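Report on the structure given below.
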Amino acid sequence: MKVLTICGSLRAGSYNRKLLKIAASVAENLGAQVQNADLKVLNLPIYDQDIEDVGMPENVMEFKSMVEQSDIILFVSPEYNHSVSGALKNAIDWLSRGKKSLDQKTAAIMGASDGAFGTVRGQAHLREILGALSVRLIPSPELFVRFADKAFDEQGKFIDPKTQEVLERLMKKTFELYDKLK
Ligand SMILES: Cc1cc2nc3c(=O)[nH]c(=O)nc-3n(C[C@H](O)[C@H](O)[C@H](O)COP(=O)(O)O)c2cc1C
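Okay, so the sequence shown: first residue is 86 according to the numbering used here, each after it adds one.
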């Protein structure tokens, strides 16, 4: 099983990156090969049809091919103004152009925020966006890491073991969905 992780935050000290690292190790424990598509390194241009019309940029093609070669995509995003981050929405917009890289893919979504709602509104938007692109997601469990500034210990692990439990169930059910649909 090949899992590709994508983080919607570009910030080095990102809580969502911490969450992504834990999720990647859960996926590895389930036997997956995990690769990360780092949006900061990929540095995709802002989507512009004029750019697309002269040919997809090399970094966009590289990103699309990473997604196309993966079995499961794991999106971990902060919530910006009640939605997904602009960096993630832009990346998804590129994936929807040319060959539809996300079509019929199985994915998991999760997020961390320093507020009380833990990306609940951002994830609702992400679910809707991915639905438009025929991405398959499990309906539950959902993982909202609230008060993220207090959710991780110095080793980058969850302080609350229940959060780890939900994450493990989410990943396991996503793997099962992939197995059922392949
Ligand atoms: C532009 C912007 C908008 C934000 N909007 C929200 C929001 O709507 N809801 C929320 O819970 N947190 C919001 N936050 C706070 C983020 O949850 C917080 O900055 C978080 O640490 C970002 O994720 P990261 O640590 O992975 O970078 C916002 C932050 C930024 C920079």
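For every residue, glycine included, the Cβ atom is placed at its ideal position computed from N, Cα and C.
Just so you know, these numbers come straight off a predicted model, no measurement behind them.
| said: Is residue 204 a contact residue of ligand 1, with contact defined as CB to any heavy atom under 8 Å? | reply: Walking along the sequence shown from the start, residue 204 turns up at place 119. The answer is yes for residue 204.
| field | residue 251, DSSP secondary structure in three states | value | In the sequence shown, counting from the first residue as 1, residue 251 sits at position 166. In this structure, DSSP gives residue 251 a helical state, which the three-state scheme calls helix.
| message | Between 217, 193 and 88, which has its C-alpha nearest residue 152's C-alpha? | response | Reading the sequence shown from its first residue, position 67 is the one you call residue 152. For the options 217, 193 and 88, the alpha carbon positioned closest to that of residue 152 is the one of 88.
| How about residue 223 and residue 190: do their beta carbons lie closer than 9 Å? | As a first step, residue 223 is located in the sequence shown; it is residue number 138 there, counting from the start. As a first step, residue 190 is located in the sequence shown; it is residue number 105 there, counting from the start. Going by C-beta atoms, residue 223 is not nearer than 9 Å to residue 190.
| query | Quick one, what's near ligand 1 if you take every residue whose CB is closer than 5 Å to any heavy atom, in chain order? | reply | The set of residues with any CB-heavy atom separation to ligand 1 below 5 Å comprises, in chain order, 94, 96, 99, 100, 101, 163, 164, 165, 166, 167, 198, 199 and 200.
| said: For residue 129 and residue 187, I'd like the C-alpha separation in whole angstroms. | reply: Here residue 129 is taken as the residue at index 44 of the sequence shown, counted from 1. Here residue 187 is taken as the residue at index 102 of the sequence shown, counted from 1. The alpha-carbon separation between residue 129 and residue 187 amounts to approximately 17 Å.
| Looking at residue 221 and residue 266, is the spacing between their C-beta atoms short of 9 Å? | For this step, residue 266 is matched to residue 181 along the sequence shown. For this step, residue 221 is matched to residue 136 along the sequence shown. Against a cut-off of 9 Å, the Cβ pair of residue 221 and residue 266 comes out as a contact.
| query | Does the beta-carbon distance from residue 168 to residue 100 come in below 9 Å? | reply | Translated into the one-based positions of the sequence shown, residue 168 becomes position 83. Translated into the one-based positions of the sequence shown, residue 100 becomes position 15. Taking 9 Å as the Cβ cut-off, residue 168 and residue 100 do not qualify as a contacting pair.
| query | Is the distance from the Cβ of residue 139 to the Cβ of residue 104 below 9 Å? | reply | For the purposes of this step, residue 139 is taken as residue 54 along the sequence shown, with counting starting at 1. For the purposes of this step, residue 104 is taken as residue 19 along the sequence shown, with counting starting at 1. With contacts defined by Cβ atoms closer than 9 Å, residue 139 and residue 104 do not form a contacting pair.
| query | How many whole angstroms separate the CB atoms of residue 109 and residue 148, which I take to be in contact at a CB cut-off of 8 Å? | reply | Position 24 of the sequence shown, counted from the start, is the residue given in the question as residue 109. Position 63 of the sequence shown, counted from the start, is the residue given in the question as residue 148. No, residue 109 and residue 148 are not in contact; Cβ-Cβ is about 18 Å, not under 8 Å.
| Per-residue DSSP class, three states only, for residue 232 | As a first step, residue 232 must be located in the sequence shown, where it is residue number 147. Three-state result, residue 232: coil.
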